[in-house]
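Chemist: There's a structure below that I have some questions on.
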Amino acid sequence: NGTVHFDDVRFAYDPSRPILKGLSFEVPAGKTVAIVGPSGAGKSTISRLLFRLYDVSGGHIRIDGQDIRDVTQNSLRAAIGMVPQDTVLFNDTIRYNIRYGRWDATDEEVEEAARTAQIDTFIKASPKGYETEVGERGLKLSGGEKQRVAIARTVLKSPPILVLDEATSALDSHTEHEIQGALERVSQNRTSLVIAHRLSTIVGADEIIVLDQGRISERGTHAQLLEHG
Ligand code: ADP
Ligand code: ADP
377 NGTVHFDDVR
387 FAYDPSRPIL
397 KGLSFEVPAG
407 KTVAIVGPSG
417 AGKSTISRLL
427 FRLYDVSGGH
437 IRIDGQDIRD
447 VTQNSLRAAI
457 GMVPQDTVLF
467 NDTIRYNIRY
477 GRWDATDEEV
487 EEAARTAQID
497 TFIKASPKGY
507 ETEVGERGLK
517 LSGGEKQRVA
527 IARTVLKSPP
537 ILVLDEATSA
547 LDSHTEHEIQ
557 GALERVSQNR
567 TSLVIAHRLS
577 TIVGADEIIV
587 LDQGRISERG
597 THAQLLEHG
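Its first residue numbered 377, the sequence shown is counted upward by one per residue in UniProt numbering.
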């Protein structure tokens, strides 16, 4: 379970300016679908609609066949792990930030989540390890590192569906490589929708959907899209 289905979804923040103009796609259970496209195309809007920060203006979004309008906010929050673009962390330890919302998790589970999100290496490199503080008084984390802490938190919660809005900020190639590795591990066997800002991190997606002005302009695997130019 965990199938996500967008069925002719329409949406406008402002009625005079449609953002999504009849969007249909499916993320089959356990698969990874990536949404790419130019800035302003409506990519992040898709993740906001799935999390029901806004309601669709037309069409349906279904999870396992059920319209999300008929699902309680609590069940929706439990079903979807959302890693937003700009992750805000608590000014506390990395361990606290990973464990947040899963206070029953064992240290082993927290460490496993950190490994999956590939933040264990930089954590180990810091003198106090997991106890290193995230905020001003402690270690300064880059955007990509913060996002991986948030990924680890989501992994620990283990929701059936993962929505990841990639950081838009420019990443150095090393960080990009680490994000790609984290993404591949995290999305394995989990229904994943990745709002992608760079093609290089989503080479392994089962399907890539190219969004342009609120419509799908192309879709296929990474290799298929490269073939078509
Ligand atoms: P993308 O993620 O592809 O860059 P977004 O989904 O963030 O695009 O935005 C799509 C369009 O909707 C943009 O033109 C943006 O200016 C507009 N937009 C985004 N958020 C809002 C909002 N809260 N209110 C009004 N317009 C918005
Ligand atoms: P993104 O996820 O792409 O950063 P934002 O929510 O920051 O999306 O919005 C993207 C664009 O939409 C920005 O240019 C912003 O100015 C515009 N926008 C965001 N919120 C609103 C809003 N409430 N009304 C009008 N425009 C908005």
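Note that CB positions come from ideal geometry on N, CA and C, so glycine has one too.
The model shown is predicted, which means the values in this text are computed figures rather than measured ones.
With a CB to CB cut of under 7 Å and the five nearest residues on each side skipped, what residues in its chain are close to residue 388?
Modeler: Cβ neighbours of residue 388 within its own chain (closer than 7 Å, five residues either side excluded): 394, 395, 433.
Chemist: Got a sec: does ligand 1 put a non-hydrogen atom nearer than 8 Å to the Cβ of residue 390?
Modeler: yes
Chemist: Counting only runs that start and end within the stretch 422–455, where is the alpha helix (DSSP H) found for 4 or more residues in a row?
Modeler: 449–455
Chemist: Which one or two residues does DSSP pair with residue 403 in a beta bridge?
Modeler: 380
Chemist: Can you check which of these residues, 458, 456, 477, is closest to residue 466 by C-alpha distance?
Modeler: 477
Chemist: With a 10 Å radius around its C-beta and 16 neighbouring C-beta atoms as the bar for buried, classify residue 448 as buried or exposed.
Modeler: exposed
Chemist: How would you label residue 445, buried or exposed, when you count the other beta carbons within 10 angstroms and need 16 or more for buried?
Modeler: exposed
Chemist: Can you tell me where the beta strand (DSSP E) holding residue 539 begins and where it ends?
Modeler: 537–541
Chemist: Compare the Cα-Cα distances from residue 567 to each of 552, 585, 540, 593 and report the closest residue.
Modeler: 540
Chemist: Go ahead and pull the three-state DSSP assignment for residue 593.
Modeler: strand
Chemist: Could you check whether residue 520 and residue 554 sit closer than 9 Å to each other, using their CB atoms as the reference points?
Modeler: yes
Chemist: Answer yes if the stretch 567–580 comes into contact with the stretch 407–414, meaning at least three C-beta pairs across the two stretches below 8 Å, and no otherwise.
Modeler: yes
Chemist: With the cut-off set at 9 Å, would you say residue 322 and residue 538 are in Cβ contact?
Modeler: A query on residue 322 cannot be resolved here, the shown segment of the chain reaching from 377 to 605 and no further.
Chemist: How would you label residue 609, buried or exposed, when you count the other beta carbons within 10 angstroms and need 16 or more for buried?
Modeler: Residue 609 falls outside the range modelled here, since the chain spans only 377 to 605, and no answer is possible.
Chemist: Under the assumption that residue 425 contacts residue 439 (Cβ atoms under 8 Å), give the Cβ distance between them as a whole number of angstroms.
Modeler: Their Cβ separation, rounded to whole angstroms, is 12 Å, which puts residue 425 and residue 439 out of contact at 8 Å.
Chemist: Is residue 421 near ligand 1, with its Cβ less than 8 Å from a heavy atom?
Modeler: yes
Chemist: If residue 598 and residue 579 are in contact, beta carbons under 8 Å, what's the gap, nearest whole angstrom?
Modeler: 5 Å
Chemist: At the level of alpha carbons, what is the spacing between residue 542 and residue 461?
Modeler: 5 Å
Chemist: What does a CB cutoff of less than 7 Å around residue 503 pick up in its chain, not counting 5 residues either side in sequence?
Modeler: Confidence at residue 503 is low in this model, with a pLDDT of 43, below 50, so its placement is unreliable and no value can be given for it.
Chemist: State the start and end residues of the unbroken alpha helix (DSSP H) segment that holds residue 568.
Modeler: It is not in any alpha helix (DSSP H) - residue 568 instead sits in the beta strand (DSSP E) that spans 567–571.
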